[in-house]
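FYI, in the working numbering the residues of the sequence shown are 387 to 745. This report refers to the structure that appears directly beneath it.
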Amino acid sequence: MQLGLVGLQASGKTLLFNTLAKIQEDEHTYREEARVEVVKVPDERLDNLTQIFNPKKQVNATIEIFDIPGVGLADDGKVRITSAFLNNVKNNDALFYVIRQFENAAVPHPLNRIDPAGDIEFLETEFLFSDMSFLENRIEKLKKDIQKRKEDKLVKELAVIEKCFAHVNEEKPLRSLDLDENEKKLLSGYQLLTLKPLAVAVNLDENAIKNSGEIIDEIKKKLNYDDLEIIPFSAEIEYELSKLDEDDQAVFMEEYGIKESALTKILRTSYKVLGLQSFFTVGEDETRAWTIKKNYTAQQAAGVIHTDFYNKFIRAEVVHYDDFMKYKSFAKCKEAGVWRLEGKDYIVQDGDILNIRHS
Ligand SMILES: Nc1nc2c(ncn2[C@@H]2O[C@H](COP(=O)(O)OP(=O)(O)OP(=O)(O)O)[C@@H](O)[C@H]2O)c(=O)[nH]1
Ligand SMILES: [Mg+2]
387 MQLGLVGLQA SGKTLLFNTL AKIQEDEHTY REEARVEVVK VPDERLDNLT
437 QIFNPKKQVN ATIEIFDIPG VGLADDGKVR ITSAFLNNVK NNDALFYVIR
487 QFENAAVPHP LNRIDPAGDI EFLETEFLFS DMSFLENRIE KLKKDIQKRK
537 EDKLVKELAV IEKCFAHVNE EKPLRSLDLD ENEKKLLSGY QLLTLKPLAV
587 AVNLDENAIK NSGEIIDEIK KKLNYDDLEI IPFSAEIEYE LSKLDEDDQA
637 VFMEEYGIKE SALTKILRTS YKVLGLQSFF TVGEDETRAW TIKKNYTAQQ
687 AAGVIHTDFY NKFIRAEVVH YDDFMKYKSF AKCKEAGVWR LEGKDYIVQD
737 GDILNIRHS
């Protein structure tokens with residue numbers, strides 16, 4: 387599962403990426419190339435389970451983060467989307483816009499402005515155009531093909547593509563269109579940009595962190611999308627924090643009036659936006675968070691651990707994390723009746739602790 391950091395140039399993507407991936411670069415070096423790193427998803431629940439089971443190791447869930455070079459000035463002095471940029475964006479399962487609010491005269495914004503809502507709209511509009519032109523071409527091609535041979539499959543596809551086109555034509559992103567499972571499946575190969583799940587991180591000025599609530603409200607008001615997840619953070623503060631030891635971190639956070647690092651929030655949100663959830667396995671060797679999609683069955687979840695567990699699945703022993711933390715042992719969970727045996731079609735819940743019985 388890959389998450390792309392998307393934005394205009396000098397919005398703080400690489401600084402955020404380096405901090406997430408724990409890459410320490412003393413001097414900021416401009417990089418042309420896109421980069422991918424695997425990053426651990428923090429999970430307090432897993433940390434708590436590790437405390438109880440005291441295993442040899444803890445294995446967190448991971449996601450891949452893709453640092454995409456931002457949109458900048460073209461040779462003609464205009465800010466333009468390039469096909470290389472679009473191809474990089476297409477390559478992700480979900481998008482995180484990194485939007486600039488900080489002032490820094492040394493590194494100018496390509497449009498020479500500080501306008502977070504405007505930058506979000508700029509990206510959304512470009513991606514709408516890209517989808518619109520793709521859908522338009524596809525409609526033309528399908529109509530031609532249908533004239534030659536009126537196959538049912540083509541007629542069905544045309545209906546779905548036309549429904550999508552009508553939606554983007556009203557300047558609405560495809561992620562807000564109601565689509566059933568068949569329609570989603572049909573569209574999945576096309577890498578439509580406004581269909582990709584989206585969250586936004588606004589990179590605030592260090593001094594603006596204290597007013598982050600108001601700033602985000604103002605951005606939301608200008609945008610009129612109610613359901614867009616917008617996280618305030620400061621790439622500069624997060625980077626500085628990541629270099630300090632714990633005691634110094636506490637002092638530093640106090641100074642800026644922040645309670646916790648925003649990185650956890652960004653990673654947890656990414657995970658959520660990607661439609662992912664975790665189940666846990668515990669034992670003497672390791673405590674581990676496994677990544678599954680929502681609505682996975684117990685058998686599918688078993689298959690994520692090992693294909694043999696899928697093929698030879700018998701039953702799953704299940705206790706939810708919240709129940710487990712009340713009793714702190716499987717024996718007590720059994721007494722209390724919160725320990726269950728579930729069959730292969732059981733829908734795994736986020737935070738279930740599983741033990742797979744297999745032959
Ligand atoms: N003052 C301040 N400067 C920042 C902040 N975030 C990033 N910068 C600076 O802005 C410059 C650009 O940051 P990058 O992280 O490279 O920006 P980018 O979004 O990766 O840019 P491209 O790769 O060109 O798209 C760097 O010199 C950063 O140090 C911030 O929160 N505050
Ligand atoms: Mg960069």
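Glycine included, each C-beta is placed from N, C-alpha and C at the ideal position.
Quick one: using the 10 Å Cβ neighbour count with 16 as the cut-off for buried, is Asn589 buried or exposed?
In the sequence shown, counting from the first residue as 1, residue 589 sits at position 203. With 16 or more other Cβ atoms within 10 Å, it is buried.
Flag this pair as yes or no: are the beta carbons of Ile451 and Val422 separated by less than 9 angstroms?
Within the sequence shown, residue 451 is the residue found at index 65, counting from 1. Within the sequence shown, residue 422 is the residue found at index 36, counting from 1. Result yes, Cβ atoms of Ile451 and Val422 sit closer than 9 angstroms.
Can we count Asn490 as close to ligand 1, meaning its CB is less than 8 angstroms from some heavy atom?
For the purposes of this step, residue 490 is taken as the residue at position 104 of the sequence shown. Yes, since a heavy atom of ligand 1 falls inside the 8 angstroms radius drawn around the Cβ of Asn490.
Between the CA atoms of Arg701 and Arg524 - distance to the nearest angstrom:
Here residue 524 refers to the residue found at position 138 of the sequence shown. Here residue 701 refers to the residue found at position 315 of the sequence shown. Going from the Cα of Arg524 to the Cα of Arg701 covers about 46 angstroms.
With burial defined as no fewer than 16 other Cβ atoms inside 10 Å of the residue's Cβ, what is the status of Ser715: buried or exposed?
Here residue 715 corresponds to residue number 329 of the sequence shown, with the count starting at 1. So Ser715 counts as exposed.
Any heavy atom of ligand 2 closer than 8 angstroms to the beta-carbon of Pro455?
By 1-based counting over the sequence shown, the position of residue 455 is 69. Answer for Pro455: yes, Cβ within range of ligand 2.
Straight-line gap, Glu507 to Leu609 (C-alpha atoms, nearest Å):
Translated into positions along the sequence shown, residue 507 becomes position 121. Translated into positions along the sequence shown, residue 609 becomes position 223. Counting only the Cα atoms, Leu609 lies some 8 angstroms from Glu507.
Whole-angstrom C-beta distance between Glu615 and Val659, which should lie under 8 angstroms
By 1-based counting over the sequence shown, the position of residue 659 is 273. By 1-based counting over the sequence shown, the position of residue 615 is 229. Right, their Cβ atoms sit about 7 angstroms apart.
In the structure shown, what three-state DSSP assignment does Ala491 receive?
Along the sequence shown, one-based indexing puts residue 491 at 105. Ala491: coil per DSSP, three-state reduction.
So the alpha helix (DSSP H) Ala684 belongs to, where does it begin and stop?
To locate residue 684, count along the sequence shown from 1; it is residue 298. Note, Ala684: alpha helix (DSSP H), 684-691.
I need the boundaries of the beta strand (DSSP E) containing Ala587, first residue and last residue.
Indexing the sequence shown from 1 puts residue 587 at position 201. Residues 584-589.
Anyone know if the C-beta pair for Val457 and Gln395 falls short of 9 angstroms?
On the sequence shown, residue 457 is found 71 positions in, with the first residue counted as 1. On the sequence shown, residue 395 is found 9 positions in, with the first residue counted as 1. In terms of Cβ geometry, Val457 and Gln395 form a close pair [threshold 9 angstroms].
Touching or not, the region 592-601 and the region 667-676, by the rule of three or more beta carbon pairs under 8 angstroms?
By the Cβ test, the region 592-601 is not in contact with the region 667-676, since fewer than three Cβ pairs between them sit closer than 8 angstroms.
Heavy atom of ligand 1 within 8 angstroms of Ile623 beta-carbon:
Counted from its first residue, the sequence shown places residue 623 at position 237. With a cutoff of 8 angstroms, Ile623 counts as near ligand 1, since its C-beta is closer than that to a heavy atom of the ligand.
For the alpha helix (DSSP H) that contains Ser469, what are its first and last residues?
Here residue 469 refers to the residue found at position 83 when the sequence shown is read from its first residue. It spans 469-476 - the alpha helix (DSSP H) in which Ser469 sits, taken as one unbroken run.
Candidates Phe513, Glu548, Leu509, Ser516: closest to Glu526 by CA position:
Working through the sequence shown from its first residue, we reach residue 526 at position 140. Among Phe513, Glu548, Leu509, Ser516, the Cα nearest to that of Glu526 is on Glu548.
Beta-carbon gap between Leu402 and Glu624 smaller than 9 angstroms
Indexing the sequence shown from 1 puts residue 402 at position 16. Indexing the sequence shown from 1 puts residue 624 at position 238. Yes, the pair counts as a contact, with Cβ atoms nearer than the cut-off.
Report whether the distance from the Cβ of Lys658 to the nearest heavy atom of ligand 2 is below 8 angstroms.
Taking the first residue of the sequence shown as position 1, residue 658 is located at position 272. For ligand 2, not one heavy atom lies less than 8 angstroms from the Cβ of Lys658.
So if DSSP puts Arg674 in a beta bridge, which residue, or which two residues, is it bridged to?
Start at 1 with the first residue of the sequence shown, and residue 674 comes out as number 288. For Arg674, the pairing in a beta bridge is given by DSSP as Val445, Thr667.
Between which two residues does the beta strand (DSSP E) carrying Asn498 extend?
One-based indexing of the sequence shown puts residue 498 at position 112. Segment: none, Asn498 is in no beta strand (DSSP E) and carries neither H nor E.
Between which two residues does the alpha helix (DSSP H) carrying Asn568 extend?
Position 182 of the sequence shown holds residue 568. From DSSP, the alpha helix (DSSP H) with Asn568 extends over 567-574.
Between Thr405 and ligand 2, is the CB less than 8 angstroms from at least one heavy atom?
Position 19 of the sequence shown, counting from 1, holds the residue named residue 405. In this structure, Thr405 has its beta carbon at no less than 8 angstroms from each heavy atom of ligand 2.
Residue burial classification, Arg486 (beta-carbon count within 10 angstroms, cutoff 16):
In the sequence shown, the residue the question calls residue 486 occupies position 100. Its Cβ being crowded by 16 or more others within 10 Å, Arg486 is buried.
Could you tell me if Thr511 is buried or exposed, where buried requires 16 or more neighbouring beta carbons within 10 angstroms of its beta carbon?
Counting from 1 along the sequence shown, the entry for residue 511 is found at position 125. Thr511 should be labelled exposed.
Give the straight-line distance between the Cα atoms of Asp731 and Asn681, rounded to the nearest whole angstrom.
Reading the sequence shown from its first residue, position 345 is the one you call residue 731. Reading the sequence shown from its first residue, position 295 is the one you call residue 681. Roughly 10 angstroms between the two C-alpha positions.
To the nearest angstrom, how far is it from the Cα of Asp479 to the Cα of Ala585?
Stepping through the sequence shown from its first residue, residue 479 is reached at position 93. Stepping through the sequence shown from its first residue, residue 585 is reached at position 199. A straight line joining the alpha-carbon of Asp479 with that of Ala585 spans about 12 angstroms.
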